[in-house]
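In this note's numbering, the protein residues as written are 44 to 202.
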């Protein structure tokens, strides 16, 4: 028998909320976006909730970040890791904007090419990938043309 467990994460006055993250993906998003380093630098609060009950996903993660606006590159990272996530902008304690993320057509320097012979793994060349398929997420390296998907996708982490 499942028992309802109401758990909440404190409201933020200004910032963003990343919701509907598949369970277990919030920490990866946080690492790739460098949220820990950001919090140390700014002193802002970052709340990460893991394994919350969800009507649509069964279980989900959630991230709340004070005083942050997401860049296009940051949105792309979220979309790659959690393609069904929603982003809410919070101002004065209320949601002012909410939208679903969209998987981009190409990806910049946030993914590592799995081909150990690729130039991006030996030279100071920024990685670039094309999205071949969005379900399952399949990427193709611009330089060596290696295609890879799902579990083979490794993300560059910001410190």
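From the three backbone atoms N, C-alpha and C, an ideal C-beta is built for every residue, glycine too.
The structure displayed is predicted, hence computed values, not measured ones.
Within 7 Å, strictly: CB atoms of residue 153 and residue 61: Locating residue 153 in the chain shown gives position 110, where the first residue counts as 1. Locating residue 61 in the chain shown gives position 18, where the first residue counts as 1. Judged by their CB atoms, residue 153 and residue 61 are not nearer to each other than the 7 Å cut-off.
Nearest candidate by alpha-carbon position, reference residue 51, set 113, 91, 83: Walking along the chain shown from the start, residue 51 turns up at place 8. Taking the Cα of residue 51 as reference, the smallest distance to any Cα among 113, 91, 83 is reached at 91.
CA-to-CA distance, residue 170 to residue 101, given in whole angstroms: As a first step, residue 101 is located in the chain shown; it is residue number 58 there, counting from the start. As a first step, residue 170 is located in the chain shown; it is residue number 127 there, counting from the start. Separation of residue 101 and residue 170 (C-alpha to C-alpha, rounded to the nearest whole angstrom) is 35 Å.
First and last residue of the uninterrupted beta strand (DSSP E) at residue 94: As a first step, residue 94 must be located in the chain shown, where it is residue number 51. Element bounds for residue 94: 89 to 97.
Validate contact between the region 164 to 178 and the region 107 to 114 using beta carbons, cut 8 Å, 3 pairs: No contact exists between the region 164 to 178 and the region 107 to 114.
Spatial distance of residue 143 from residue 68 (CA atoms): By one-based count along the chain shown, residue 143 stands at place 100. By one-based count along the chain shown, residue 68 stands at place 25. Between residue 143 and residue 68, the C-alpha separation is close to 16 Å.
With 16 other Cβ atoms within 10 Å as the buried cut-off, status of residue 73: Counting from 1 along the chain shown, the entry for residue 73 is found at position 30. In the assembly as shown, residue 73 is a buried residue. Its beta-carbon has 16 or more other beta-carbons within 10 Å.
Residue 103, buried or exposed, once every other Cβ within 10 Å from all chains shown has been counted against 16: For this step, residue 103 is matched to residue 60 along the chain shown. Around the beta carbon of residue 103, 16 or more other beta carbons lie within 10 angstroms, which makes this residue buried.
Any non-hydrogen atom of the ligand PLP closer than 6 Å to residue 135 Cβ: With respect to the ligand PLP, the structure shown offers nothing to examine, as it has no ligands at all.
Close beta carbons around residue 127, own chain, < 6 Å, minus the five adjacent residues each side: In the chain shown, residue 127 corresponds to position 84, counting from 1. Once the five neighbours on either side are set aside, the close Cβ partners of residue 127 are 63.
Assigned exposure category for residue 192 - 16 Cβ within 10 Å defines buried: For the purposes of this step, residue 192 is taken as residue 149 along the chain shown, with counting starting at 1. Counting Cβ neighbours within 10 Å, residue 192 comes out exposed, since fewer than 16 surround it.
Same chain only: Cβ atoms within 8 Å of residue 189, ignoring 5 sequence neighbours per side: Taking the chain shown and counting its residues from 1, one reaches residue 189 at position 146. Once the five neighbours on either side are set aside, the close Cβ partners of residue 189 are 156, 157, 158, 161, 183.
Beta carbon of residue 54 nearer than 7 Å to that of residue 151: Numbered from 1 along the chain shown, position 11 holds the residue referred to as residue 54. Numbered from 1 along the chain shown, position 108 holds the residue referred to as residue 151. Between residue 54 and residue 151, the CB-CB gap reaches or exceeds 7 Å.
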